[in-house]
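Trainee:
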Amino acid sequence: MKIQDRDQQVYIGERVFTKYLSRDTIKARILELGRDISLDYQDKFPVFIVVLNGAFMFAADLVRATALECQLEFVKLASYEDIRSTGTVKKILGIPVPLEDRHVIIVEDIIDTGRTMSTMMEELRSMKPASISVATMLLKPECLEVSIDSTYVGFEIPDAFVIGYGLDLDGKARNLADIYQLSNEKA
Ligand code: IMP
Numbered sequence: 009m010k011i012q013d014r015d016q017q018v019y020i021g022e023r024v025f026t027k028y029l030s031r032d033t034i035k036a037r038i039l040e041l042g043r044d045i046s047l048d049y050q051d052k053f054p055v056f057i058v059v060l061n062g063a064f065m066f067a068a069d070l071v072r073a074t075a076l077e078c079q080l081e082f083v084k085l086a087s088y089e090d091i092r093s094t095g096t097v098k099k100i101l102g103i104p105v106p107l108e109d110r111h112v113i114i115v116e117d118i119i120d121t122g123r124t125m126s127t128m129m130e131e132l133r134s135m136k137p138a139s140i141s142v143a144t145m146l147l148k149p150e151c152l153e154v155s156i157d158s159t160y161v162g163f164e165i166p167d168a169f170v171i172g173y174g175l176d177l178d179g180k181a182r183n184l185a186d187i188y189q190l191s192n193e194k195a
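For the sequence shown, my numbering assigns the number 9 to the initial residue and increments by one for each residue that follows.
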């Protein structure tokens, strides 16, 4: 199904999404996060672990908003089908480098139940890094089922499905530059 973008709304099949966070709002917030991370990690040569696929766009903007010597690595995880969490976290690609004594910043698109991040953190802790922090573009506080200490949060949002800026609905809509929120099913 072709994505139709009419001004403030995007249609995917029967679903209607309304523009929620504009590209300018996102950009401004990422510049702030980048400044915070640059101050916190001066001279620490952190490694950003980017959780694919959803975080690719956020990570690209976030690392360019930092003024740091840093390393970038990627892992691939998935826990969603359609607009609901499947409840299981599938690990697809593992962590590619040794992390012992490294300062790790996990970069995620969105934290919903927190299960994906909790699994990631458990695995990373076993690799004995010097520190672990989490940078997430979006956080749904009402949906958290496990407590996650997210150091850098772009926006706290309500419990509604969102797409765009890397976030997908069954593989669609990642390329949208703004973030859209599910408003209703088309009549
Ligand atoms: P969690 O394990 O429930 O915290 O889910 C985290 C993962 O689910 C994220 O990395 C996303 O891939 C996906 N996800 C959660 N909420 C949304 C959403 O509103 N839109 C798109 N993907 C989502």
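All C-beta atoms in this analysis are idealised placements derived from N, C-alpha and C, irrespective of residue type, glycine included.
Can you tell me the Cα-Cα spacing of D69 and D44, whole angstroms?
Mentor: Computed Cα separation, rounded: 14 Å.
Trainee: Got a sec: does the ligand IMP put a non-hydrogen atom nearer than 7 Å to the Cβ of I20?
Mentor: No - the ligand IMP has no heavy atom lying nearer than 7 Å to the Cβ of I20.
Trainee: Would you call the CB atoms of V170 and I114 closer than 8 Å?
Mentor: Contact: no.
Trainee: With DSSP as the reference, label V71 as helix, strand or coil.
Mentor: Here V71 sits in helix by DSSP.
Trainee: With distances taken between CB atoms, is the gap from I140 to L132 smaller than 8 Å?
Mentor: Going by C-beta atoms, I140 is nearer than 8 Å to L132.
Trainee: Beta-carbon within less than 6 Å of I38's beta-carbon, same chain only, minus the 5 sequence neighbours each way: which residues are those?
Mentor: The residues are D69, L70, A73.
Trainee: Leaving aside the five residues before and after L41 along the sequence, list all residues of the same chain whose C-beta is less than 8 Å from its C-beta, in chain order.
Mentor: The answer, listed in chain order, is L70, A73, A143, Y160, G162.
Trainee: Under 8 Å, do F25 and L146 count as touching if we go by C-beta distance?
Mentor: Not closer than 8 Å, so no.
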